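Residue numbers (the numbering used here): 24 to 247.
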């Protein structure tokens with residue numbers, strides 16, 4: 024659609040349907056939400072502003088719940104090098120906190136959907152998948168790579184706080200039980216709980232590694 028509409032390399036999109044945009048994510052979200060609907064791009068080209076009408080091609084993609092949803096695509100990619108908006112330190116801290124909260128909520132919802140089966144188990148990835156994704160982000164630049172590392176850190180922090188014995192969340196659970204009943208659990212019960220927790224964590228790691236291998240080898244690899 025981009026070529027047919029007359030877009031050229033290095034064109035800079037500054038508005039969509041008359042609404043100014045500042046980031047690639049804003050544009051991608053706007054276009055994705057309008058498959059098959061004509062939109063007007065305001066672009067800058069060689070110092071001039073032009074308006075181009077374009078209709079995003081309708082495609083299907085799986086959402087976080089594993090359901091197929093229609094999305095719009097116009098066939099463009101980010102230019103390299105990218106331009107980044109600078110924020111003052113105070114604003115940057117606020118933006119960082121807001122983004123961390125967003126990622127935390129998304130992670131918690133995703134965990135719940137995995138437990139309830141709303142998200143297919145094939146979406147669980149292990150160290151190999153993390154390595155592949157890290158490489159992809161590194162190719163996009165230092166900022167993308169740093170954001171990916173921060174995303175992994177937030178995910179690991181949340182997983183570590185789950186009430187599973189052996190994790191920090193399990194210790195907090197023991198403290199809560201002690202506070203309720205007025206005495207700690209017996210050593211034997213804690214040992215059993217730790218063994219169960221270790222088994223659960225190891226099972227999850229093995230399953231994630233299996234998914235990683237199944238993505239590159241014909242082991243009945245997950246397709247959902």
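Ideal placement from N, C-alpha and C gives every residue a C-beta, glycine not left out.
Because the structure is a prediction, the values reported are computed rather than measured.
Is residue 28 near residue 66, with beta carbons less than 8 angstroms apart?
Reading the chain shown from its first residue, position 5 is the one you call residue 28. Reading the chain shown from its first residue, position 43 is the one you call residue 66. No, Cβ-Cβ distance for residue 28 and residue 66 is not below 8 angstroms.
Could you tell me whether the segment 77-86 touches the segment 95-102, using the rule of 3 or more Cβ pairs below 8 angstroms?
yes
To the nearest angstrom, report how far apart residue 204 and residue 236 are at their CA atoms.
Numbered from 1 along the chain shown, position 181 holds the residue referred to as residue 204. Numbered from 1 along the chain shown, position 213 holds the residue referred to as residue 236. Cα to Cα, the separation comes out at about 46 angstroms.
For residue 229, does the count of other Cβ atoms within 10 angstroms reach 16, so buried, or fall short, so exposed?
Residue 229 sits at position 206 when you count from the first residue of the chain shown. So residue 229 counts as exposed.
Taking the beta carbon of residue 188 as the centre, do at least 16 other beta carbons fall within 10 Å, making it buried, or is it exposed?
Locating residue 188 in the chain shown gives position 165, where the first residue counts as 1. Per the 10 Å Cβ criterion, buried.
On the three-state DSSP scale, how would you describe residue 57?
The count along the chain shown starts at 1 and reaches residue 57 at position 34. If DSSP states are grouped into helix, strand and coil, residue 57 belongs with coil.
Start and end residues, beta strand (DSSP E) containing residue 95:
Walking along the chain shown from the start, residue 95 turns up at place 72. Per DSSP, residue 95 belongs to the beta strand (DSSP E) from 91-96.
Whole-angstrom distance between residue 156 and residue 34, CA atom to CA atom:
Numbered from its first residue, the chain shown carries residue 34 at position 11. Numbered from its first residue, the chain shown carries residue 156 at position 133. Near 28 angstroms, if we compare the C-alpha coordinates of residue 156 and residue 34.
Among residues of its own chain, excluding the 5 on either side of residue 231, which ones have a beta-carbon nearer than 7 angstroms to its beta-carbon?
Locating residue 231 in the chain shown gives position 208, where the first residue counts as 1. Hits under 7 angstroms: 147, 148 and 149.
For residue 219, collect the residues of the same chain with a Cβ closer than 7 angstroms to its Cβ; drop the 5 residues on either side in sequence, then sort them by chain order.
The residue you call residue 219 lines up with position 196 of the chain shown. If we look at residue 219 and ignore the five residues flanking it on each side, its Cβ neighbours are 188.
Pair every Cβ in the segment 54-73 with every Cβ in the segment 34-44, then say whether three or more of these pairs are closer than 8 angstroms.
yes
Residue 63 - containing alpha helix (DSSP H), residue span:
Looking up residue 63 in the chain shown gives position 40. Residue 63 -> not in any alpha helix (DSSP H); beta strand (DSSP E) instead, spanning 62-68.
Residue 215, buried or exposed, once every other Cβ within 10 Å from all chains shown has been counted against 16:
Numbered from 1 along the chain shown, position 192 holds the residue referred to as residue 215. Residue 215 should be labelled exposed.
Can you find the residues in the same chain that come closer than 6 angstroms, C-beta to C-beta, to residue 161, ignoring five residues on each side of it along the sequence?
Numbered from its first residue, the chain shown carries residue 161 at position 138. Counting only Cβ-Cβ distances below 6 angstroms, and skipping sequence neighbours, we find 168.
For the putative contact between residue 100 and residue 24, defined by C-beta atoms under 8 angstroms, what is the C-beta separation to the nearest angstrom?
In the chain shown, the residue the question calls residue 100 occupies position 77. In the chain shown, the residue the question calls residue 24 occupies position 1. Contact doesn't hold; Cβ gap of about 13 angstroms is too wide.
If we count the other Cβ atoms within 10 Å of its Cβ and call it buried at 16 or more, is residue 70 buried or exposed?
Taking the chain shown and counting its residues from 1, one reaches residue 70 at position 47. Classification of residue 70: exposed, given that the 10 Å Cβ count is below 16.
Are the Cβ atoms of residue 145 and residue 234 separated by less than 8 angstroms?
Counting from 1 along the chain shown, the entry for residue 145 is found at position 122. Counting from 1 along the chain shown, the entry for residue 234 is found at position 211. In contact: residue 145 and residue 234 (Cβ atoms closer than 8 angstroms).
Residues in its own chain within less than 8 angstroms of residue 127 by CB, not counting five upstream and five downstream?
Here residue 127 refers to the residue found at position 104 of the chain shown. Correct list, in chain order: 177 and 181.
Considering only the alpha carbon of each residue, which of 142, 140, 174 and 202 lies closest to residue 119?
For the purposes of this step, residue 119 is taken as residue 96 along the chain shown, with counting starting at 1. Taking only the C-alpha atoms, the option nearest residue 119 is 174.
Between 238, 49 and 139, which lies nearest to residue 152 when the distance is taken from Cα to Cα?
What you label residue 152 is simply residue 129 of the chain shown in a count that begins at 1. That would be 238, whose Cα lies nearest to the Cα of residue 152.
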